Amino acid sequence: MMQKKIGRNDPCWCKSGKKYKVCHADFDARIARAAAQGHIVPTHDLIKNAEQIEKIKESCKINIAVLDYIEKNICEGMNTAQIDKIVYDMTTDMGGIPAPLNYEGYPYSVCTSVNDQVCHGFPSEDVILKSGDIVNVDCSTILNGYFSDSSRMFCIGEISEDKKRLVRVTKECVEAGLAEVKPWGFLGDMGQAVHDHAFANGYTVVREIGGHGVGLEFHEEPWVGYNSRRGEEMLLVPGMIFTIEPMVNMGKPDIYIDSKNDWEVYTEDGLPSAQWEIMVLVTENGHEVLCW
Ligand code: MF3
Ligand code: CO
29 MMQKKIGRND PCWCKSGKKY KVCHADFDAR IARAAAQGHI VPTHDLIKNA EQIEKIKESC
89 KINIAVLDYI EKNICEGMNT AQIDKIVYDM TTDMGGIPAP LNYEGYPYSV CTSVNDQVCH
149 GFPSEDVILK SGDIVNVDCS TILNGYFSDS SRMFCIGEIS EDKKRLVRVT KECVEAGLAE
209 VKPWGFLGDM GQAVHDHAFA NGYTVVREIG GHGVGLEFHE EPWVGYNSRR GEEMLLVPGM
269 IFTIEPMVNM GKPDIYIDSK NDWEVYTEDG LPSAQWEIMV LVTENGHEVL CW
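Going by the working numbering, the final residue of the sequence shown carries number 320, and the count climbs one at a time with no gaps.
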């Protein structure tokens, strides 16, 4: 997309108050060179300024606090509707709004995905956590219009070695991807690292559902997949914020959506799936994890 032409002495588009020539002029020239070489490049609306980053971090604080509380309290015998209530109550007590609630018709405050549920699991009184279950709790918060989004896996009671390994390797996949996040690198550097680590461990990564830009909206560009290759996908520049949230399957990558509600996603082969989600900021020197 074309950006509007801006004079070198005009105020910078990032609202720093500085003149363009001493602020983002060189930055834009570097992006333009990458675009000329055929790379996908970010538009200005994906680049957060310092003030926006501060506001987004305030939102992240709620998301982290909620997941920390769930981590301490989740246990065998609990039903996932109780988790939904905790998320709603804590988020609103802290001045936020659960972002999933009514998002495109989603009817709950959180997603709780158990075992072969890949994502978007509906909290329910009928889903009672039992020993041996692995569950992803995916939390997202809106605070003063700024969005945060992260998820963690929890192991209930005694877990099989197979499931333990899936949960651990999935977390390692996120860490391997994160290590590739740096300014003037590419989103595909991250994606390939995630995929390679899953594959090396005999797992597959869900292809149809990915991460996303986040901060000013729940889901922004770019779409963040893991079947990408090093040097491909969007150029990463300081100020971009996106999630890394691979869904890693013990068996085949294939999934289906429950036609009863058009939300809940399951593995086709019934084998377990795990997911961890972090929110990462591209900085001048590398990256900063904002939410986990
Ligand atoms: N938290 C999910 C994500 O990581 C969003 C799910 S959409 C919802 O992007 F409506 F189910 F919340
Ligand atoms: Co997300």
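C-beta atoms are modelled at their ideal positions from N, C-alpha and C, and glycine is treated no differently. A quick note: this is a predicted structure, and the numbers were derived from the prediction, not measured.
* With distances taken Cα to Cα, identify the nearest neighbour of residue 217 among 255, 283 and 198. => Comparing Cα positions, the closest option is 255.
* Look at the alpha carbon of residue 229 and the alpha carbon of residue 182, and state the distance between them as a whole number of angstroms. => Distance between the alpha carbons of residue 229 and residue 182 is about 20 Å.
* **Reduced DSSP category for residue 296 - H, G, I as helix; E, B as strand; rest coil** => Note: residue 296 maps to coil in three-state DSSP.
* When DSSP labels each residue in this structure, what does residue 303 get in the three-state scheme? -> DSSP, reduced to helix, strand and coil, places residue 303 within a strand of the structure shown.
* Quick one: measure Cβ to Cβ for residue 176 and residue 307, integer angstroms, because I've assumed they're closer than 8 Å. => Contact between residue 176 and residue 307 holds, since their C-beta atoms are separated by about 6 Å, short of 8 Å.
* Asked: When you compare only the Cα positions, how much space is there between residue 187 and residue 150?
  -> Distance from the CA of residue 187 to the CA of residue 150, rounded to the nearest whole angstrom, comes to 22 Å.
* Asked: Among residues of its own chain, excluding the 5 on either side of residue 199, which ones have a beta-carbon nearer than 6 Å to its beta-carbon?
  -> These residues qualify, in order along the chain: 304.
* What three-state label does DSSP hand residue 120 in the structure shown? -> If DSSP states are grouped into helix, strand and coil, residue 120 belongs with the helices.
* **Coil, strand or helix - residue 140 by DSSP** => The three-state secondary structure of residue 140, taken from DSSP, is strand.
* Using the C-alpha atoms, what's the distance from residue 67 back to residue 101? -> Taking the straight line joining both Cα atoms gives about 46 Å.
* Can you say whether residue 65 is buried or exposed, counting buried as having 16 or more other CB atoms within 10 angstroms of its CB? => Residue 65 should be labelled exposed.
* Own chain, CB closer than 8 Å to residue 47, minus 5 neighbours either side, in chain order -> The answer, listed in chain order, is 36, 37, 38, 39 and 40.
* Three-way DSSP call (helix, strand, coil) for residue 188 in this model -> The answer is coil: DSSP assigns residue 188 none of H, G, I, E or B.
* To do: Report the rounded CA-to-CA distance for residue 195 versus residue 240, giving the unit in angstroms.
  => If you take the alpha carbons of residue 195 and residue 240, they lie about 22 Å apart.
* **Euclidean distance between Cα positions of residue 166 and residue 139** => One C-alpha to the other measures close to 5 Å.
* To do: Report the rounded CA-to-CA distance for residue 313 versus residue 211, giving the unit in angstroms.
  => Residue 313 and residue 211: Cα-Cα distance of roughly 7 Å.
* Asked: Buried or exposed: which applies to residue 159, given that a residue is buried once 16 or more other Cβ atoms fall within 10 Å of its Cβ?
  -> Answer is exposed; the Cβ neighbour count stays below 16.
* Asked: So residue 148 is in the alpha helix (DSSP H); what residue range does that whole segment cover?
  -> Annotation for residue 148: no alpha helix (DSSP H) segment contains it, and DSSP assigns it neither H nor E.
* Asked: Any heavy atom of the ligand CO within a distance shorter than 7 Å of the CB on residue 148?
  -> No, the Cβ of residue 148 stays beyond 7 Å of every heavy atom of the ligand CO.
* Short Cβ contact (8 Å threshold) for residue 222 with residue 205 -> Yes; because the gap between Cβ atoms is below 8 Å, this pair is in contact.
* Asked: Taking the alpha carbon of residue 173 as the point to measure from, which residue in 298, 238, 246 and 263 has its own alpha carbon closest?
  -> Residue 173 has its Cα closest to that of 246, out of 298, 238, 246 and 263.
* Leaving aside the five residues before and after residue 99 along the sequence, list all residues of the same chain whose C-beta is less than 6 Å from its C-beta, in chain order. => No residues qualify anywhere along the chain.
* To do: Might you give, ordered along the chain, the residues of its own chain that have their beta carbon closer than 6 Å to the beta carbon of residue 59, omitting 5 neighbours on each side?
  => Sequence-distant Cβ neighbours of residue 59 in its own chain, meaning closer than 6 Å and more than five residues away, are 69.
* Asked: If you draw a straight line from the alpha carbon of residue 161 to that of residue 144, how long is it in whole angstroms?
  -> Annotation: residue 161 to residue 144 spans about 10 Å, alpha carbon to alpha carbon.
* Asked: DSSP beta-bridge partners for residue 316?
  -> Residue 316 pairs with 309.
* Asked: Sorry if obvious, but does the Cβ on residue 6 come closer than 7 Å to a heavy atom of the ligand MF3?
  -> A question about residue 6 goes unanswered here, because the residues of the chain that appear run from 29 up to 320.
* Skipping 5 residues on each side, what residues in its chain have a beta carbon closer than 7 Å to that of residue 260? -> Hits under 7 Å: 214 and 216.
* Beta carbon of residue 209 nearer than 8 Å to that of residue 72 -> No, the pair does not count as a contact, with Cβ atoms beyond the cut-off.
* Over the uninterrupted alpha helix (DSSP H) stretch that includes residue 96, give me the two end residues. => Counting along the chain, the alpha helix (DSSP H) containing residue 96 begins and ends at 78 to 101.
* Asked: Looking at C-alpha atoms only, which residue of 51, 130 and 147 is the closest neighbour of residue 236?
  -> Comparing Cα-Cα distances from residue 236 to each of 51, 130 and 147, the minimum goes to 147.
* To which residues of the same chain is residue 141 closer than 6 Å at the C-beta, ignoring the five residues directly before and after it? -> So the list reads 147, 149 and 164, once near-sequence residues are dropped.
* To do: Rank 191, 279 and 226 by C-alpha distance to the C-alpha of residue 202 and give the top, closest one.
  => Closest in C-alpha terms to residue 202, from the list 191, 279 and 226, comes 226.
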